[in-house]
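Peer 1: After the structure tokens below, expect a handful of questions from me.
Numbering (this note's numbering), first residue to last: 316 to 652.
Have a look at this one:
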């Protein structure tokens, strides 16, 4: 059934009242004079007749009084509004009641999962508790999320789970800044995630070294890895510790290169990885330690080192580091938290 434009209906009624009992023939002018077109005018006249606001007869077109028109044209709409407002009020009351009931469960849910609670630091050892708390806090985040993701790229399943959540955050206007290591640029799943997230407004940078895995929400709460429970997390709310973590993130962010897609960006990342390897070699780190800090496999790290020695025409790691230092090829070292 075609919907009737109620504004046109009221305009046609007003036109009939102003014409003071026009003839049925006069109705052929109403569409032009009201500016709604003939088809809309005919539909409006039919609606007014059906609602007993107009009577078309041998004596012309007779309009009912404005009081009758108000009851016929406005009354149903006001009734619908009242019903909608009552439904909305009832739904709002149900929502408030449900929120209160669920909020009351927080102590019951959280306390058994904490091994230790000390001041502004909570210790979680249960993976599902960590994920539930992160989901809850991201849903109520108001301004910004900062994340450090060390390694050569996150697992594809984790990225697939994160993408819709991150897109929803960006759609809400949340500033989302993520730091990865340069090696993540060579990770296909991370490349696919970054392409969609960047298009939606996410900010992503990569650095050779990263302060460590962490998520900071609104600069008020942070999640850090648990040393003894890989599936757990340390939840930090203490302001002084948060200030330090935010400063560490900002320092690394300032050294980062914006994540870009394409061959030239990949070549740039490879160059920066090698510069970082030179820096760590000059600081005396072994292959395994360098690989761990840069998110590389030991095999890939050794391949880079071999190619660097050839490129610098160096006979040893020490000589390569000395040549790199003289040439200004060494990068600043990011503090490890």
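Idealized CB from N, CA, C, for every residue including glycine. Quantities reported herein were computed from a predicted structural model and do not represent experimental measurements.
#1: Determine the closest residue to residue 296 out of 371, 396, 394, 364, with distance taken between C-alpha atoms.
#2: Quick check on the DSSP output: the beta strand (DSSP E) that includes residue 437 runs from which residue to which?
#3: Once DSSP output is grouped into helix, strand and coil, what is the label at residue 636?
#4: Measure the alpha-carbon distance for residue 413 versus residue 458 and round it to whole angstroms.
#5: Using the three-state DSSP reduction, which class does residue 476 fall into: helix, strand or coil?
#6: To the nearest angstrom, report how far apart residue 593 and residue 624 are at their CA atoms.
#7: Taking 8 Å as the limit between beta carbons, can you name the residues of its chain near residue 506, skipping five residues before and five after?
#8: Starting from the N-terminal side, write out each stretch of the beta strand (DSSP E) that is 3 residues or longer and does not extend beyond the stretch 521-552.
#9: Sorted by chain position, which residues of the same chain lie with C-beta nearer than 7 Å to residue 612's C-beta, five sequence neighbours on each side aside?
#10: Could you tell me the boundaries of the beta strand (DSSP E) in which residue 377 lies?
#11: Taking the CB atoms as reference points, tell me whether residue 529 and residue 462 lie closer together than 9 Å.
#12: Straight-line CA distance for residue 573 to residue 638?
#13: Quick one: using the 10 Å Cβ neighbour count with 16 as the cut-off for buried, is residue 400 buried or exposed?
#14: For residue 319 and residue 340, what's the separation of their Cα atoms in angstroms?
#15: Name the DSSP bridge partner or partners of residue 371?
#16: Given a cut-off of 9 Å, decide if residue 550 and residue 417 are closer than it, judged by their beta-carbon atoms.
#17: With 16 as the cutoff for other CB atoms within 10 Å, does residue 497 come out buried or exposed?
#18: Using the DSSP secondary-structure output, state which residues sit across from residue 463 in a beta bridge.
#19: Write down the C-beta distance between residue 535 and residue 560 rounded to the nearest angstrom, noting that I regard them as a contact closer than 8 Å.
#20: Using a Cβ-Cβ cutoff of less than 7 Å, which residues in the same chain neighbour residue 589 once the five nearest sequence positions on both sides are dropped?
#21: What separation, rounded to the nearest whole angstrom, lies between the Cα atoms of residue 379 and residue 488?
#22: Using only the alpha-carbon positions, how far apart do residue 358 and residue 373 sit?
#23: For residue 491, which option in 532, 351, 466, 451 has the closest C-alpha, if you only look at C-alpha atoms?
#24: So is residue 633 buried or exposed if we call it buried at 16+ other beta carbons inside 10 Å?
#25: Identify whether residue 519 lies in helix, strand or coil by the three-state DSSP scheme.
#26: Taking all protein chains shown into account, do 16 or more other C-beta atoms lie within 10 angstroms of the C-beta of residue 390, making it buried, or fewer, making it exposed?
#27: Tell me the residue span of the alpha helix (DSSP H) that contains residue 418.
#28: Using 9 Å as the threshold, is the C-beta distance between residue 464 and residue 494 below it?
#29: Expressed to the nearest angstrom, what Euclidean distance is found between the alpha-carbon atoms of residue 628 and residue 635?
#30: Using the DSSP secondary-structure output, state which residues sit across from residue 573 in a beta bridge.
#31: Where residue 527 and residue 395 are concerned, what is the direct C-alpha to C-alpha distance, given to the nearest angstrom?
#32: Just the C-alpha distance for residue 330 and residue 450, rounded to the nearest angstrom, thanks.
#33: For residue 557, which three-state DSSP category applies?
#34: For residue 355 versus residue 346, is the C-beta distance shorter than 9 Å?
#35: Between 381, 503, 485, which has its C-alpha nearest residue 474's C-alpha?
Peer 2: The structure says:
#1: Here the chain has residues from 316 to 652 only, and residue 296 is not among them.
#2: Your numbering for residue 437 matches position 122 in the chain shown. Counting along the chain, the beta strand (DSSP E) containing residue 437 begins and ends at 436-439.
#3: Walking along the chain shown from the start, residue 636 turns up at place 321. Residue 636 falls in the helix class under three-state DSSP.
#4: The sequence position of residue 413 within the chain shown is 98, counting from 1. The sequence position of residue 458 within the chain shown is 143, counting from 1. Their backbone Cα atoms lie some 26 Å apart in a straight line.
#5: On the chain shown, residue 476 is found 161 positions in, with the first residue counted as 1. Residue state, collapsed to three classes: helix.
#6: Mapped onto the chain shown, residue 593 falls at position 278. Mapped onto the chain shown, residue 624 falls at position 309. Near 10 Å, if we compare the C-alpha coordinates of residue 624 and residue 593.
#7: Against the chain shown, residue 506 aligns to sequence position 191. Excluding positions up to five away in sequence, the list reads 500, 576.
#8: 529-532, 536-540, 548-551
#9: Against the chain shown, residue 612 aligns to sequence position 297. Correct list, in chain order: 606.
#10: Sequence index remark: in the chain shown, residue 377 carries index 62 (1-based). 375-378 is the span of the beta strand (DSSP E), which, as asked, contains residue 377.
#11: One-based indexing of the chain shown puts residue 529 at position 214. One-based indexing of the chain shown puts residue 462 at position 147. For residue 529 and residue 462, yes; Cβs fall inside 9 Å.
#12: Within the chain shown, residue 573 is the residue found at index 258, counting from 1. Within the chain shown, residue 638 is the residue found at index 323, counting from 1. Their Cα atoms are separated by approximately 29 Å.
#13: Locating residue 400 in the chain shown gives position 85, counting from the first residue. The residue in question, residue 400, is exposed, as its Cβ has fewer than 16 Cβ neighbours within 10 Å.
#14: Along the chain shown, read from residue 1 onward, the residue named residue 319 stands at position 4. Along the chain shown, read from residue 1 onward, the residue named residue 340 stands at position 25. For residue 319 and residue 340, the distance between alpha carbons rounds to 23 Å.
#15: As a first step, residue 371 is located in the chain shown; it is residue number 56 there, counting from the start. Residue 371 is bridged to 376.
#16: Numbered from its first residue, the chain shown carries residue 417 at position 102. Numbered from its first residue, the chain shown carries residue 550 at position 235. No. Outside cutoff.
#17: In the chain shown, the residue the question calls residue 497 occupies position 182. When all chains shown are included, residue 497 counts as buried.
#18: As a position in the chain shown, residue 463 is number 148, starting the count at 1. In DSSP, residue 463 forms a bridge with 494, 529.
#19: Within the chain shown, numbered from 1, the residue matching residue 535 stands at position 220. Within the chain shown, numbered from 1, the residue matching residue 560 stands at position 245. With a Cβ gap of about 11 Å, residue 535 and residue 560 do not count as contacting.
#20: Taking the first residue of the chain shown as 1, we reach residue 589 at position 274. The residues are 619, 623.
#21: By 1-based counting over the chain shown, the position of residue 379 is 64. By 1-based counting over the chain shown, the position of residue 488 is 173. Each residue's alpha carbon lies about 53 Å from the other.
#22: Within the chain shown, the letter at position 43 stands for residue 358. Within the chain shown, the letter at position 58 stands for residue 373. Looking at the two C-alpha atoms, the distance is approximately 21 Å.
#23: Here residue 491 refers to the residue found at position 176 when the chain shown is read from its first residue. Residue 532 is the option with its Cα nearest to residue 491.
#24: Taking the chain shown and counting its residues from 1, one reaches residue 633 at position 318. Exposed.
#25: Indexing the chain shown from 1 puts residue 519 at position 204. Residue 519 falls in the strand class under three-state DSSP.
#26: As a first step, residue 390 must be located in the chain shown, where it is residue number 75. When all chains shown are included, residue 390 counts as exposed.
#27: Here the question's residue 418 lines up with position 103 in the chain shown. Residue 418 -> alpha helix (DSSP H) spans 390-418.
#28: Reading the chain shown from its first residue, position 149 is the one you call residue 464. Reading the chain shown from its first residue, position 179 is the one you call residue 494. Taking 9 Å as the Cβ cut-off, residue 464 and residue 494 qualify as a contacting pair.
#29: Position 313 of the chain shown, counting from 1, holds the residue named residue 628. Position 320 of the chain shown, counting from 1, holds the residue named residue 635. Answer to the nearest angstrom: the Cα atoms are 8 Å apart.
#30: Stepping through the chain shown from its first residue, residue 573 is reached at position 258. Looking at the DSSP assignment, residue 573 forms a beta bridge with 520.
#31: Here residue 527 refers to the residue found at position 212 when the chain shown is read from its first residue. Here residue 395 refers to the residue found at position 80 when the chain shown is read from its first residue. Approximately 57 Å, taken between the alpha carbons.
#32: If you number the chain shown from 1, residue 330 lands on position 15. If you number the chain shown from 1, residue 450 lands on position 135. Rounded to whole angstroms, residue 330 to residue 450 spans 59 Å at the Cα level.
#33: Here the question's residue 557 lines up with position 242 in the chain shown. Three-state DSSP puts residue 557 in a helix.
#34: The residue given as residue 355 occupies position 40 in the chain shown. The residue given as residue 346 occupies position 31 in the chain shown. Yes, Cβ-Cβ distance for residue 355 and residue 346 is below 9 Å.
#35: For this step, residue 474 is matched to residue 159 along the chain shown. Nearest option by C-alpha distance: 503.
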